[in-house]
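Written below as structure tokens is the structure these notes are about.
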Amino acid sequence: MNKKAVSIIMMVALFTIIIGSNCFAAPTTDESAELKQTQNTKKQLEGKIKNLNTQIDDIIEKVDKNKKDMNKIDQDIQKTEEKLNTLEEHSKEQEILFKKRLRAIYISGGGNNYLDVILGSRSVSDLISSMDSISIVMKYDNKLVAQLQEQKNVINDKKKDLDDKNNQLTALKANNESILSNLNNDIKQQNKLLADAKEKENRLIAEQRAREEAEAQAAARAAAAAEQAKLAAAQAQAKKSVQVAQSENTSKKVASNPVSGSTSSPVPINRGAIPSGNSSNVLYMEATAYSDNGFTASGNKTHRDPNGYSTIAVDPRVIPLGSKVYVEGYGYAIASDTGGAIKGNIIDLYVHSDSEALSWGRRNVKVHIIGN
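Numbered per our numbering, the sequence shown spans residues 2 to 373.
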């Protein structure tokens, strides 16, 4: 019976070792290959994301340049309109003066005209004097007519220039809209690539940890079983040598009382609970303020309305353009502007004056993403 018990224990130990080896050796090889492949894929993905970030920075820089051009064109339009108004007023004054001159020459004096003046001369000297006067008046009138025509041409040229600038402004707005649309698509693509990479990385890490824990537990069980088999074999051999004369019941007792190793269940590792609620709707940002009034990257004018939605500048990789937000300490706003220095968790809040911007300074705020 002693030999039978020892054989059973040895078989159990051997079976445990074989099972543990078969269950965990092959998956380890496969999963290691998958992890290596994932790491290579992640490296390539990081390169693509780096290039995408460079492209996004270039696009934001181009949008900022277009925004400055739009503001300059807007100022030029205002100056051109002021010049047009001045020219039109001057033209009206010249037309009134010209009409007065015509009335004085052709109408006053009971219908006298240039011929009446010549025929009415009393002498040759009077005729010459009259003709000189008429020549002077005619030159003045011709000059006045030429000036009026020139001013009208200037007005027409200015109007054409104004139309060209308006068309240029419209083209810039359309270009901005196209650039921003592509930018938003690129940012969505980048965020998806990052999310997929993180999800796969977390899954593989969790699987690797679980596999390592299972392998460690299997190795511990195999080692305990082997140690138990050795101990049982040694005890059985010793008892066989010194207890040859004992009864069968005693032998059974010896064989059935090997030191048993207890295999405790592994204590689960608490890796932390997933926090409840959707924390992605709240961001903690560093906020500055600016007061430059003009066009935003979206093509709209900057706006400040404490009772409505104001303008803020964002990094569209963090907060998508067009998003509605609530900034604690500032109010509701629309992410409609960008800036070369606005990168990462930084926002720039539009205010009415430089003093308000200085008063705001630089502070940390809580931003609630309401929607698009």
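The beta-carbon is built from N, C-alpha and C at its ideal position, and this holds for glycine as well.
Proximity of L205 and L36 at Cβ, strictly below 7 Å: yes
Contact under 7 Å by Cβ, H353 with R305: yes
Residue range of the unbroken alpha helix (DSSP H) whose run includes L350: No alpha helix (DSSP H) holds L350; the beta strand (DSSP E) holding it covers 347-351.
Burial state of V328 (16 or more Cβ within 10 Å): buried
T289 and S337 closer than 7 Å at C-beta: no
Straight-line Cα distance separating G48 from A198: 13 Å
Best match in G341, L170, N185 for proximity to N72 [C-alpha to C-alpha]: L170
Cross-strand partners of V283 (DSSP beta bridge): H369
Continuous alpha helix (DSSP H) assignments of at least 4 residues falling wholly in the region 30-106: none
Nonlocal neighbours in the same chain, by C-beta distance under 7 Å from G345, ignoring five residues either side: D316, V319
Beta-bridge pairing of D355 - partner residues as DSSP gives them: Paired residue(s): none; D355 is not in a bridge.
Residue closest to I180, alpha-carbon to alpha-carbon, out of T303, N52, E62, A334: E62
Assigned secondary structure, W361 (DSSP; H/G/I helix, E/B strand, else coil): helix
Three-state secondary structure (DSSP) of T171: helix
Residue from H91, N308, N52 whose Cα sits closest to the Cα of V155: H91
Of the residues N186, G372, D355, D349, the one placed nearest V366, counting alpha carbons only: D349
CA-to-CA distance, N176 to D75, given in whole angstroms: 16 Å
Cα-Cα separation, G372 to D162: 42 Å
DSSP state of S299 mapped onto helix, strand, coil: coil
V326 burial status per 10 Å Cβ neighbour count (16 or more: buried): buried
Alpha-carbon spacing of N294 relative to G362, whole angstroms: 18 Å
Classification of I97 by the beta-carbon crowding that lies within 10 angstroms, buried from 16 upward: exposed
Residues near Y291 in its chain [Cβ-Cβ closer than 7 Å; skip 5 each side]: D349, Y351, A358
Pair within 7 Å by beta-carbon distance, N185 and P321: yes
Y331 - partner residues in DSSP beta bridges: DSSP lists no partner for Y331.
Cβ neighbours of D70 in the same chain (closer than 7 Å, five flanking residues each side left out): L173
Whole-Å CB distance - T339 paired with D58, under 8 Å assumed: Wrong, their Cβ atoms sit about 11 Å apart, outside the cutoff.
Among A234, S299, I335, the one whose alpha carbon lies nearest that of Y310: I335
S292 - DSSP class collapsed to helix/strand/coil: coil
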